[in-house]
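In this note's numbering, the protein residues as written are 47 to 476.
Here is the structure we will look at.
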């Protein structure tokens, strides 16, 4: 193996070597470039190096905060920087909102003040970079700090602004420095657009999965409805015949005990059919939001799934607060919430376990709390957890419809808790 020593001798940059180039004129040596021209060339060389390095560094950035931090660091190599803020107009084109909530709040307040004062209207009309003094640091000698503001726009609309708080005024900031910052800003905006599109794609994919699972749930509910319509008559009609014959047999004293037991079992079957019909009769196409008593809906659902819970060795306890205020919803939404919750509980249950469902009213919210011995953990994107994740997503999506919240907590060495919070005060829909 041949070992080559590292060559530590560095050659001069290209722009410095230019000063050694000369021409002979009348027997005298003359430099081609003046010192000012070489300084300008040195700036260009430094800028190109930084630009290429910056572009390489942000190529894989997916975090807005990290991207802005890099941008801030590189800007300090161009002009003195006290703070920066990248802001975009809201959907009503009235307020400027920082892309990072942790950005300098003072800059955001000042930018919105300038926006309301009409300063930005002229800036966008002329499509020019503007310098505005910071009035908070203004004294008899003039302003100490200034805002260097870049408009962000295209041919159709004004999108926002990028603001730098600096100690330099307009006269001390060269056109080269403004153009350099603008080039860096365009790279940042391009990267932000890629981040936005990636987030939108991921969000769309998650929504697709959620709606596919919800469609499957709706299909199952619809299938229950269709099956119920077909079999109810086949069950109820024979029950009527049996019931009539039992009434005749009741006159016989020797068979009275047996007929009472038969009558009791017939009533049980009728109750089960009644609950099934009520559950299946909720038609998704005819959903109308109305006040719902969540205690009654949970109680109905409990009786419907009681046999399933018994077969799964799950003890069930209901703890309702009396006179609970109604929530704006539809029974179908609550049934879907409960179905997905019990899917989570059943799939993660221990050999024997239990479930406690509580309802409470607190701080203008109706709270549905489920405490279980099953270990329900926060979802992670793993191949084996697709159905689990979809159940969580459906619950979150349904709670979003109610403008509510889902909270999942683990109880050490004993199980988990799911808390659904339904606000009584809802936003006005326009």
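Beta carbons are placed, not taken as given, at the ideal position from N, Cα and C, and that holds for glycine.
Could you check how far apart the C-beta atoms of residue 439 and residue 451 are, in whole angstroms? I think they sit under 8 Å.
On the chain shown, position 393 is the one that residue 439 refers to. On the chain shown, position 405 is the one that residue 451 refers to. Not confirmed; about 15 Å, so no contact.
For residue 64, name the three-state secondary structure that DSSP assigns.
Position 18 of the chain shown holds residue 64. Only weak support is given to the placement of residue 64: the predicted model assigns it a pLDDT of 47, under 50, and the question is left unresolved by the model.
Measuring CA to CA, which of 443, 471, 420, 106 is closest to residue 462?
Residue 462 sits at position 416 when you count from the first residue of the chain shown. Selected option, being the one with the closest Cα: 420.
Since residue 502 and residue 194 are thought to touch, with beta carbons under 8 Å apart, how far apart are those beta carbons, to the nearest angstrom?
Look at the range of the chain in this structure, 47 to 476, and you will see that residue 502 is not part of it.
Terminal residues of the alpha helix (DSSP H) in which residue 165 lies
Here residue 165 is taken as the residue at index 119 of the chain shown, counted from 1. Note, residue 165: alpha helix (DSSP H), 165-172.
Cα-Cα separation between residue 145 and residue 93, rounded to whole angstroms
If you number the chain shown from 1, residue 145 lands on position 99. If you number the chain shown from 1, residue 93 lands on position 47. Near 26 Å, if we compare the C-alpha coordinates of residue 93 and residue 145.
Tell me whether residue 106 is buried or exposed, calling it buried when 16 or more other Cβ atoms sit within 10 Å of its Cβ.
Working through the chain shown from its first residue, we reach residue 106 at position 60. Flag for residue 106 reads exposed.
At which residues does the alpha helix (DSSP H) containing residue 383 begin and terminate?
Here the question's residue 383 lines up with position 337 in the chain shown. That run of the alpha helix (DSSP H) goes 377-393.
Bridge-paired residues (DSSP) for residue 411:
Residue numbering aside, residue 411 sits at position 365 when the chain shown is read from its first letter. Bridge partners of residue 411: 408, 469.
Cβ neighbours of residue 392 in the same chain (closer than 7 Å, five flanking residues each side left out)
Within the chain shown, numbered from 1, the residue matching residue 392 stands at position 346. Around residue 392: 358.
How would you call residue 199, buried or exposed, if buried means at least 16 neighbouring beta carbons within 10 angstroms?
Along the chain shown, read from residue 1 onward, the residue named residue 199 stands at position 153. So residue 199 counts as exposed.
Near residue 308, what residues of its chain come up, given a Cβ to Cβ distance below 7 Å and the 5 sequence neighbours on each side ignored?
Working through the chain shown from its first residue, we reach residue 308 at position 262. Excluding positions up to five away in sequence, the list reads 292.
By the three-class DSSP mapping on this structure, what secondary structure does residue 453 have?
Along the chain shown, one-based indexing puts residue 453 at 407. Residue 453 sits in a strand when the DSSP states are folded into three classes.
Straight-line gap, residue 305 to residue 355 (C-alpha atoms, nearest Å):
The residue you call residue 305 lines up with position 259 of the chain shown. The residue you call residue 355 lines up with position 309 of the chain shown. Their Cα atoms are separated by approximately 30 Å.
Does residue 146 get closer than 8 Å to chain C when you measure Cβ to Cβ?
Absent from the structure: chain C. Only one protein chain is present.
CA-CA distance, residue 213 and residue 245?
Taking the chain shown and counting its residues from 1, one reaches residue 213 at position 167. Taking the chain shown and counting its residues from 1, one reaches residue 245 at position 199. Linking residue 213 to residue 245 through their CA atoms gives a straight-line distance of about 37 Å.
Should residue 155 go down as buried or exposed, given a rule of 16 or more other Cβ atoms within 10 Å for buried?
Reading the chain shown from its first residue, position 109 is the one you call residue 155. With fewer than 16 Cβ atoms within 10 Å of its Cβ, residue 155 is classed as exposed.
Are the Cβ atoms of residue 470 and residue 371 separated by less than 8 Å?
On the chain shown, residue 470 is found 424 positions in, with the first residue counted as 1. On the chain shown, residue 371 is found 325 positions in, with the first residue counted as 1. Against a cut-off of 8 Å, the Cβ pair of residue 371 and residue 470 comes out as a contact.
Do residue 401 and residue 441 count as a contact pair if the criterion is CB distance below 8 Å?
Numbered from 1 along the chain shown, position 395 holds the residue referred to as residue 441. Numbered from 1 along the chain shown, position 355 holds the residue referred to as residue 401. Not in contact: residue 441 and residue 401 (Cβ atoms no closer than 8 Å).
Could you pull the DSSP bridge partners for residue 445 from this structure?
Taking the chain shown and counting its residues from 1, one reaches residue 445 at position 399. According to DSSP, residue 445 bridges with nothing at all.
Quick one: any contact between the segment 333-352 and the segment 397-417, if contact means 3 or more CB pairs under 8 Å?
Taking 8 Å as the limit for Cβ pairs, the verdict is that the segment 397-417 does touch the segment 333-352.
Could you give the uninterrupted runs of the alpha helix (DSSP H) lying entirely in the segment 335-383, keeping only those of 4 residues or more?
340-357
Please report the straight-line C-alpha distance between residue 374 and residue 142, rounded to a whole angstrom.
In the chain shown, counting from the first residue as 1, residue 374 sits at position 328. In the chain shown, counting from the first residue as 1, residue 142 sits at position 96. Rounded to the nearest angstrom, the two C-alpha atoms are 34 Å apart.
Look at the alpha carbon of residue 242 and the alpha carbon of residue 410, and state the distance between them as a whole number of angstroms.
Within the chain shown, the letter at position 196 stands for residue 242. Within the chain shown, the letter at position 364 stands for residue 410. Residue 242 and residue 410: Cα-Cα distance of roughly 36 Å.
Residue range of the unbroken beta strand (DSSP E) whose run includes residue 196:
Residue mapping note: residue 196 aligns to position 150 of the chain shown, counting from 1. Taken as a continuous stretch (DSSP letters only), the beta strand (DSSP E) holding residue 196 covers 192-199.
Would you identify the three-state DSSP class for residue 419, choosing helix, strand or coil?
Against the chain shown, residue 419 aligns to sequence position 373. The answer is coil: DSSP assigns residue 419 none of H, G, I, E or B.
Boundaries of the alpha helix (DSSP H) in which residue 117 is found, first to last residue:
Along the chain shown, one-based indexing puts residue 117 at 71. It spans 110-121 - the alpha helix (DSSP H) in which residue 117 sits, taken as one unbroken run.
So the beta strand (DSSP E) residue 177 belongs to, where does it begin and stop?
In the chain shown, residue 177 corresponds to position 131, counting from 1. Its beta strand (DSSP E) spans residues 176-179.
To the nearest angstrom, how far is it from the Cα of residue 131 to the Cα of residue 191?
Looking up residue 131 in the chain shown gives position 85. Looking up residue 191 in the chain shown gives position 145. Those two C-alpha atoms are separated by around 15 Å.
Only counting the same chain, and skipping five residues up and downstream in sequence, which positions put a Cβ closer than 6 Å to that of residue 398?
Your numbering for residue 398 matches position 352 in the chain shown. Counting only Cβ-Cβ distances below 6 Å, and skipping sequence neighbours, we find 359.
Note down the Cα distance separating residue 234 from residue 117, rounded to an integer number of angstroms.
The sequence position of residue 234 within the chain shown is 188, counting from 1. The sequence position of residue 117 within the chain shown is 71, counting from 1. If you take the alpha carbons of residue 234 and residue 117, they lie about 8 Å apart.
Between which two residues does the beta strand (DSSP E) holding residue 207 run?
Within the chain shown, residue 207 is the residue found at index 161, counting from 1. First-last of the beta strand (DSSP E) with residue 207: 204-212.
Tell me which same chain residues have a C-beta within less than 6 Å of the C-beta of residue 100, skipping the five on either side of it?
Locating residue 100 in the chain shown gives position 54, where the first residue counts as 1. Cβ neighbours of residue 100 beyond the five flanking positions: 120.
So, are the CB atoms of residue 189 and residue 197 less than 8 Å apart?
Taking the first residue of the chain shown as 1, we reach residue 189 at position 143. Taking the first residue of the chain shown as 1, we reach residue 197 at position 151. No, the Cβ-Cβ distance between residue 189 and residue 197 is not below 8 Å.
Test item: CB-CB of residue 447 and residue 379 under 8 Å
Residue numbering aside, residue 447 sits at position 401 when the chain shown is read from its first letter. Residue numbering aside, residue 379 sits at position 333 when the chain shown is read from its first letter. It is a contact, given that the beta carbons lie within the stated cut-off.
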